[in-house]
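To start, the structure under review is shown below, and the notes come after it.
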Amino acid sequence: MVATFSWEWMKRNAGTLWPLLVACVIILGFQAVNPTFLKYEGLVTLVYAMSYFLIAACGLTFVIMMGSFDFSVPSVLKLAALFCVMYIEKLGFWAIPFALLVSTGLGLLNGVLLAYLNVPSFMATLGVSIVVEGIGLYLSKGFLHIMYNERFRALATTFIFGLPSIFYWAMGIWALCTFVALCTPFGRRTYAIGGNLTAARLSGINVERQRVYVFALSGFLAGLSGILYMAQLGGGSMLIGSDMSIPLFASVVAGGTALSGGMGGPHRTLLGVIIITWIQSGMLMLALGRDIQMVIFGLIAVGVAIATMDRKRIRVVK
Amino acid sequence: MRRNDTPVLEVRNVSKTFDTVVRALDEVSIAVYRGEIVGVVGENGAGKSTLMKILVGVYAPDRGILLLGGKEVPFPRNPKEAAQRGISIVYQERGVIPHLRVYQFLFLGHEEQYRGPWGLQSERMKREARDILDEFHVVCDVESFMYELPLATQKMVEIARAVLGVRLESRGKDVAPVIILDEPTAPLTLEERRELFQNILRMKETCSFIFVSHIIPEVMEFVDRVYVLRDGKLVAHYDLAQDAVTEEDLFRAIVGRESLAYTFEARKKTVSSEVILRVEGLTKRGCYYDVSFELCRGECLGLFGPAGSGKSEVLRTIAGILGFDGGKLVIKGQEAFSGEPPHVRLERGVGYCSGEAGKELFFHWSIAKNISIVNLKKVLGKFFPVIRFGVERSIAEGVMGKLEIKAPGVHAECYSLSGGNKQKVSVGKWLERSPDILLLEDPTIGIDVGAREDIYEVLLEMKQKGISFILVSDDPKEYALLCDRVLVMRGGRVQRTVSAEELQEVAVG
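As given, the protein sequences belong to chains A and B, one line each in that order. Each residue of the first sequence is one higher than the one before, counting from 676 in the numbering used here. Each residue of the second sequence is one higher than the one before, counting from 1470 in the numbering used here.
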């Protein structure tokens, strides 16, 4: 298939093109205001900002593709990070699988609550996230914990071809998630449940099991993201990334994964993450106040929903 | 005698083109006289709906003229203008707002005329609502909620509302109402259809009807004249009172080719003696009681009965959508348990195919993906469980060819297909899957004759390959064509077993 660059072609692929366009505008815009934005130092900052975020967003994308919500991603991320920083001295590298196990287990719990106890994922994950937050506060006693293990920190901060290793982790996981979503039965089933639950059941899909798997995946990736983020930062408390939820959802939706489920995918989340995290970093570089940042972010979240909505196909909005 | 009158509504040489390519209507002319029911029939996509939407002002025609009572008038620009001129439509579905009371629903959109000093004049509305319902012999309480009424009564209230709309909008001017009924019987059972038609026949004195349908026996029974549309052109016009027209004639005019559904040769005896499904005293309280039967390999068993007879519930129980309270369900010699979800039943070899596209299809997905979702095992690579897109594509192409699915290609998204083609995709995925037992619930509901033919052909072919079916349908002809044996159900119990030919007599007689 040869894609001819015509108006028709652009209209057909608007869902992919507009995030690309927005990303370009943002990059050029910040570049115009702040010339260090695209210099090497700026670029490393941007890569650091987006990498851990992309890993967590990939997991969340699967959940949203399935038509569910996962509000527990930020808190699971934080808890995994905290586990690492607190136990890396005692357990050595065993702290990593331990943290992953805990975060996967929390995802599993979300899945079971939704699939077998019929708690709406909105409520279930919100509840779990608060519980996790509380456990995190108890464990950390609210203090900032600093990590001195340089080998662990090297996981995220070794520079390869001029970019930190966390970037390659993120890209690898992104590629893997894209492959799983588009080319495997696991991905198909996930899209099917989000697209039409009744039809998915009648097509012989084990909806309950798939839901649990997808939430477990989301938990696992949230945990992995937290561990790498911790390695990148070198320390943390339960306060890191406290307002991650909205940016996470916004970046998934900005990429083109509709909240109603059944559409989009991890491949599209990359652009969404670039847009959202780079706006965030850009605003930081410009030293904008928190108040303005919040206003801009709220507007972006709503604007993203308006722009990505496929009005031709969606009849009822509730 | 009527021929000499002036028609109350006439359109001449109406044409409508969409996107400069598809000619939806091509020089179509129809006339409606006072007090008659005119049928407009045709396959899906023949242009029926387009014509009706032009009449009520949803679309503007490219060419053509409209005459009301012999005088040329411009086409209405919106439904309100159409109502002012006497034309109103009752749509096939989604016409009723369930949580309104009957009188509120009747006057919906006309409240302005009932404004009193203290809000709406509810008592006056109720009084007038009673009057109009009496006039049309609709028996119901104006204060009950719409959802409380039986479906047939709901339809009647909708029709009364259409007439009322014309009267209120025309404000005393003498206009003869022309009510368009767009497939009004689609959700109704046989008995309810009868009742609805009795009522419509009684309303003939006060208004004319345009009856859009593709159910041929209905059209033959209740309509005075019938126009046949095919591919946007008017291909036939019969006066049923004068011309000797058979169902076969009408069928041929609609489809433009010979009918398979009306010849019984296509059905061959394929039943083997191997029992593949045994149902013993199956009971679900409140739905059905003590249902027992055996299904052999290659057999098609029908469950026949009015709505509420429990036939659909029995089918859904076997599919795993509903559980059961008592009895035994033995599939291929293994006992199946209550509460097993559909995917377990599918592993046991039981597939469920419904005529509701919303239960079968992923509308955002391509045809290819919709077919492969129940055939993932075939699509996956041998050594590495990854979807092979080439295989997926060729499977879909095979199915599309076999069922003559009209679409730009295997990657066309399903929401863009017509109803008939959607249904062909649903059946096609099960054709490819070939389960041992396929449960069919209204497999051809709401689709046109041509698409039905193609689906029947494929089902009969599957039957010959040794697949067993259980059919639940609203159309007695479907049982006659597909089934070897039919269980007649009533009130949740099996009354008797008849052969398909006997059923044909029962249903016709």
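No residue lacks a Cβ here, since even glycine has one placed at the ideal position from N, Cα and C. In this text the structure is predicted, and so the values were computed from the model without any measurement.
Chain B within 7 angstroms of residue i, Cβ atoms only
i: A:LYS993; result: Bear in mind that a pLDDT of 43 at A:LYS993, under 50, signals an unreliable position, so the model cannot answer this.
i: A:LEU776; result: no
i: A:ASN871; result: yes
i: A:SER840; result: no
Three-way DSSP call (helix, strand, coil) for residue i in this model
i: A:CYS858; result: helix
i: A:VAL977; result: helix
i: B:SER1887; result: coil
i: A:GLY911; result: strand
i: B:LEU1535; result: strand
i: A:LEU963; result: coil
i: B:PHE1605; result: coil
i: B:ALA1529; result: coil
i: A:PHE924; result: helix
i: B:HIS1812; result: helix
i: B:GLN1803; result: strand
i: B:GLU1979; result: Since the first residue of chain B shown is 1470 and the last is 1978, residue 1979 of chain B is not available in this structure.
i: B:ARG1965; result: strand
i: B:ASP1495; result: strand
i: B:GLU1882; result: strand
i: B:GLY1585; result: strand
i: B:PHE1832; result: coil
i: A:LEU713; result: coil
i: A:LEU872; result: helix
i: B:MET1958; result: strand
i: B:GLU1674; result: coil
i: A:ILE848; result: helix
i: B:ILE1566; result: coil
i: A:ILE821; result: strand
Contact with chain A by residue i, beta-carbon distance below 7 angstroms
i: B:LYS1522; result: no
i: B:LEU1909; result: no
i: B:LYS1801; result: no
i: B:TYR1821; result: yes
i: B:PRO1811; result: yes
i: B:LYS1780; result: no
i: B:LYS1485; result: no
i: B:LYS1893; result: no
i: B:LEU1815; result: yes
i: B:LYS1828; result: yes
i: B:GLU1882; result: no
i: B:THR1475; result: no
Integer-rounded CB distance, given that residue j should sit under 8 angstroms from residue i
i: A:ILE848; j: A:ILE730; result: 5 angstroms
i: B:LEU1478; j: B:VAL1647; result: 5 angstroms
i: A:MET822; j: A:VAL760; result: 5 angstroms
i: B:GLY1750; j: B:GLY1795; result: 7 angstroms
i: B:LEU1872; j: B:GLY1897; result: 5 angstroms
i: B:ARG1814; j: B:ALA1805; result: 7 angstroms
i: A:ARG863; j: B:ILE1856; result: 7 angstroms
i: A:ALA897; j: A:SER778; result: 6 angstroms
Amino acids of chain D, ordered along the chain, whose beta-carbon sits closer than 7 angstroms to that of residue i
i: A:ALA867; result: The displayed structure is made up of protein chains A and B, and chain D is not among them.
- Residues of the segment 908 to 938 of chain A with Cβ closer than 8 angstroms to any Cβ of chain B, in chain order: GLY937 and MET938
Would you list, in chain order, the members of the segment 853 to 865 of chain A that have their beta-carbon closer than 7 angstroms to a beta-carbon of chain B?
CYS858, THR859, PRO860 and ARG863
| task | Please list the residues of the segment 874 to 887 of chain A that have a C-beta atom closer than 7 angstroms to any C-beta atom in chain B, keeping them in chain order. | result | ALA874, ARG876, LEU877, SER878, GLY879, ILE880 and ASN881
The segment 1845 to 1875 of chain B: positions lying closer than 7 angstroms to chain A by Cβ:
LEU1845, LEU1849, PRO1854, VAL1855 and ILE1856
**Runs of alpha helix (DSSP H) lying entirely within the segment 743 to 797 of chain A, each at least 4 residues, in chain order** = 748 to 766 and 770 to 790
Unbroken beta strand (DSSP E) runs of length 3 or more, entirely within the segment 1681 to 1729 of chain B: which are they? 1694 to 1699 and 1702 to 1708
Practice prompt. Any chance you could list the beta strand (DSSP E) runs of at least 3 consecutive residues sitting entirely within the segment 1742 to 1791 of chain B, in chain order?
Written response: 1744 to 1753, 1757 to 1765 and 1769 to 1773
Segments of 4+ residues assigned as alpha helix (DSSP H) that fall wholly inside the segment 1619 to 1674 of chain B: 1620 to 1639 and 1659 to 1672
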